[in-house]
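Chemist: If you scroll down you'll find the structure; I have some questions about it.
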Amino acid sequence: EAGVAQSPRYKIIEKRQSVAFWCNPISGHATLYWYQQILGQGPKLLIQFQNNGVVDDSQLPKDRFSAERLKGVDSTLKIQPAKLEDSAVYLCASSLVMFSSYNEQFFGPGTRLTVL
Amino acid sequence: SQQGEEDPQALSIQEGENATMNCSYKTSINNLQWYRQNSGRGLVHLILIRSNEREKHSGRLRVTLDTSKKSSSLLITASRAADTASYFCATDARDSSYKLIFGSGTRLLVRP
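Residue numbers (my numbering), protein chains in the order written: chain F, 17 to 132; chain V, 346 to 457.
Here's what the structure looks like:
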């Protein structure tokens, strides 16, 4: 079974530039998550989708971050404009079960973003 | 803010020894999960323990949960160099929308 795919793996941009990350979850997984992981910290949930609907985006900085999951499959996360403090690894995860926390999340390899 | 806090932040042991790491959390939970993250890679799910369970085993892993103390421990027995990684506990808060809240992690180094 193919895992969660993410691209690009690495991205270096200057502050105030825009960047987009792509995620393709495991086939059949209804729930998709985007996390931000700052060096030395645990992942922090940015947004959670059930199919193509947003379940939780309470920690998404909506003035600069946006995410969509058209057709309920793959997803993009965008930052516009980027700030220095956005330097982090952006992880995408998916899970099979809907509306339950009793589910294992499968993570992609992440995109390491460096903002200069 | 993060709900789970792991202790210790870093642990260095010799291959073959046991490694124990702890997680404390603040609010009531439905379940607690442990994940492993190798350097430069994504997280991998290790084990899930429900709030009505006290202990669970999976291979060389043993997880305990004490809901009265709001704490959990992960024991890795007979550690191997390949166990070198960061270990995170993740909790779901009963008042959250099924999301997981990760702790800050324990960095484990197993010396050959």
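C-beta: ideal position from N, C-alpha, C; glycine also.
Residues of the stretch 370-387 of chain V in Cβ contact with chain F at a cutoff of 9 Å, in chain order, please.
Modeler: 374, 375, 376, 378, 380, 382, 385, 386, 387
Chemist: Using a Cβ-Cβ cutoff of less than 6 Å, which residues in the same chain neighbour residue 457 (chain V) once the five nearest sequence positions on both sides are dropped?
Modeler: Taking the first residue of the second sequence as position 1, residue 457 (chain V) is located at position 112. Same-chain partners within the cutoff: 360, 426.
Chemist: Does DSSP classify residue 18 (chain F) as helix, strand or coil?
Modeler: What you label residue 18 (chain F) is simply residue 2 of the first sequence in a count that begins at 1. Three-state DSSP puts residue 18 (chain F) in coil, outside helix and strand.
Chemist: Residues in the same chain with beta-carbon distance under 8 Å from residue 97 (chain F), minus the five sequence neighbours each way, listed in chain order, please.
Modeler: Here residue 97 (chain F) refers to the residue found at position 81 when the first sequence is read from its first residue. Closer than 8 Å at Cβ, skipping near neighbours: 31, 32, 33, 34, 80.
Chemist: Report all residues from its chain with a CB closer than 6 Å to the CB of residue 452 (chain V); omit the five preceding and five following residues, and keep chain order.
Modeler: Reading the second sequence from its first residue, position 107 is the one you call residue 452 (chain V). Hits under 6 Å: 355, 431.
Chemist: Got a sec, what are the start and stop residues for the beta strand (DSSP E) residue 54 (chain F) sits in?
Modeler: Along the first sequence, one-based indexing puts residue 54 (chain F) at 38. No beta strand (DSSP E) holds residue 54 (chain F); DSSP gives it neither H nor E.
Chemist: Would you kindly work out how many angstroms separate the C-alpha atoms of residue 455 (chain V) and residue 68 (chain F), rounded to a whole number?
Modeler: Looking up residue 455 (chain V) in the second sequence gives position 110. Looking up residue 68 (chain F) in the first sequence gives position 52. Near 42 Å, if we compare the C-alpha coordinates of residue 68 (chain F) and residue 455 (chain V).
Chemist: Which of the three DSSP states is assigned to residue 122 (chain F) in this structure?
Modeler: Against the first sequence, residue 122 (chain F) aligns to sequence position 106. Three-state DSSP puts residue 122 (chain F) in a strand.
Chemist: Listing by chain order, which chain F residues have their CB less than 7 Å from the CB of residue 315 (chain V)?
Modeler: Because chain V here runs from 346 to 457, residue 315 (chain V) falls outside it and cannot be looked at.
Chemist: Just curious, the beta strand (DSSP E) that residue 375 (chain V) is in, first and last residue?
Modeler: For the purposes of this step, residue 375 (chain V) is identified with residue 30 of the second sequence, where counting begins at 1. Where residue 375 (chain V) is concerned, the enclosing beta strand (DSSP E) stretches over 374-382.
Chemist: Is it true that the CB of residue 402 (chain V) sits closer than 8 Å to the CB of residue 120 (chain F)?
Modeler: Position 104 of the first sequence, counted from the start, is the residue given in the question as residue 120 (chain F). Position 57 of the second sequence, counted from the start, is the residue given in the question as residue 402 (chain V). In this structure, residue 402 (chain V) does not lie closer than 8 Å to residue 120 (chain F) by Cβ.
Chemist: Could you tell me whether any Cβ in chain V is nearer than 8 Å to the Cβ of residue 123 (chain F)?
Modeler: Within the first sequence, numbered from 1, the residue matching residue 123 (chain F) stands at position 107. For residue 123 (chain F), the answer is yes, since a Cβ of chain V falls inside 8 Å of its Cβ.
Chemist: Note down the Cα distance separating residue 42 (chain F) from residue 48 (chain F), rounded to an integer number of angstroms.
Modeler: Taking the first residue of the first sequence as position 1, residue 42 (chain F) is located at position 26. Taking the first residue of the first sequence as position 1, residue 48 (chain F) is located at position 32. Near 9 Å, if we compare the C-alpha coordinates of residue 48 (chain F) and residue 42 (chain F).
Chemist: At the level of alpha carbons, what is the spacing between residue 92 (chain F) and residue 129 (chain F)?
Modeler: Within the first sequence, the letter at position 76 stands for residue 92 (chain F). Within the first sequence, the letter at position 113 stands for residue 129 (chain F). Going from the Cα of residue 92 (chain F) to the Cα of residue 129 (chain F) covers about 15 Å.
Chemist: State the DSSP-derived secondary structure class of residue 84 (chain F), mapped to helix, strand or coil.
Modeler: In the first sequence, residue 84 (chain F) corresponds to position 68, counting from 1. Note: residue 84 (chain F) maps to strand in three-state DSSP.
Chemist: According to DSSP, is residue 112 (chain F) part of a helix, a strand, or is it coil?
Modeler: Locating residue 112 (chain F) in the first sequence gives position 96, counting from the first residue. Here residue 112 (chain F) sits in coil by DSSP.
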